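A.B. asks: Residue numbers (our numbering): 523 to 677. First the structure, then my questions, so here it is.
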Amino acid sequence: MPSFEITPIGTVRNDRTDVQNTDNWGAVRSTITIDERFGEASLQGLEGFSHVEVLFVFDQFPDDGDYREPRPYRGRADLPPMGIFAGRGPRRPNRIGVTCCAIASVHGRELTVVGLDAVSGTPVIDVKPAMAEFLPAGTKQPEWVSAMMSEYFQR
523 MPSFEITPIG TVRNDRTDVQ NTDNWGAVRS TITIDERFGE ASLQGLEGFS
573 HVEVLFVFDQ FPDDGDYREP RPYRGRADLP PMGIFAGRGP RRPNRIGVTC
623 CAIASVHGRE LTVVGLDAVS GTPVIDVKPA MAEFLPAGTK QPEWVSAMMS
673 EYFQR
């Protein structure tokens with residue numbers, strides 16, 4: 523398969539630096555500074571939206587490179603083993619993360635969001651406004667997921 527290169531569009535800044543601290547992201551305020559090559563108006567119009575989808579790279583998480591065997595979700599023995607594409611964590615082949623978070627403010631090239639689960643210094647590869655027409659209706663998931671994720675976005 524051919525490979526491709528992605529150049530980050532910006533960087534995350536917040537108070538979180540420990541990649542192993544994986545819960546309580548709900549109140550985390552992050553500022554994404556968009557690279558100057560996009561200009562001061564690159565975020566213009568985004569202030570009219572309540573949420574934004576942020577795509578980023580798990581660049582600070584260690585990569586073991588072996589994705590063939592299912593592993594217990596989040597490394598917890600009390601959770602079922604899941605294949606590499608059945609989870610949202612940082613252990614991924616291309617190390618891409620995506621989170622839908624609330625927009626707190628937009629000023630020039632700075633986008634401040636709440637609930638982004640990326641540590642400070644994380645490269646951002648794209649931002650997209652969340653639009654109701656793109657959100658799925660009637661999603662379902664295994665029951666254990668809600669219990670396991672109960673503290674993830676807790677404030």
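Idealized CB from N, CA, C, for every residue including glycine. Everything numeric in this text was worked out from a predicted model, so none of it was measured.
Can you tell me which of Gly605, Gly567, Ala549 puts its alpha carbon nearest to the alpha carbon of Arg614?
C.D. replies: Ranking the options by Cα distance to Arg614, first place goes to Gly605.
A.B. asks: Between the region 612-630 and the region 549-566, do three or more beta carbon pairs fall short of 8 Å?
C.D. replies: Cβ pair count under 8 Å is three or more, so yes.
A.B. asks: From Arg610 to Tyr589, what distance separates their C-alpha atoms?
C.D. replies: Between Arg610 and Tyr589, the C-alpha separation is close to 14 Å.
A.B. asks: Looking at the ligand SAM, does it come within less than 8 Å of Glu673, judged from the CB to the closest heavy atom?
C.D. replies: Of ligands this structure carries none, so the ligand SAM is not represented either.
A.B. asks: Identify whether Phe560 lies in helix, strand or coil by the three-state DSSP scheme.
C.D. replies: Helix at Phe560.
A.B. asks: Less than 9 Å between the beta carbons of Asp583 and Pro645, yes or no?
C.D. replies: With the sequence shown as reference, residue 583 is identified as Phe, and Asp is not the correct amino acid for it. For Phe583 and Pro645, no; Cβs fall outside 9 Å.
A.B. asks: Taking the C-alpha atoms as reference points, what is the distance between Ser552 and Asp540?
C.D. replies: Distance between the alpha carbons of Ser552 and Asp540 is about 15 Å.
A.B. asks: Check whether the region 658-667 touches the region 530-540, taking contact to mean three or more Cβ pairs, one atom from each stretch, closer than 8 Å.
C.D. replies: They do not touch, by the three-pair rule.
A.B. asks: Please classify Phe580 as buried or exposed, where buried requires at least 16 neighbouring CB atoms within 10 angstroms.
C.D. replies: Answer is buried; the Cβ neighbour count reaches 16.
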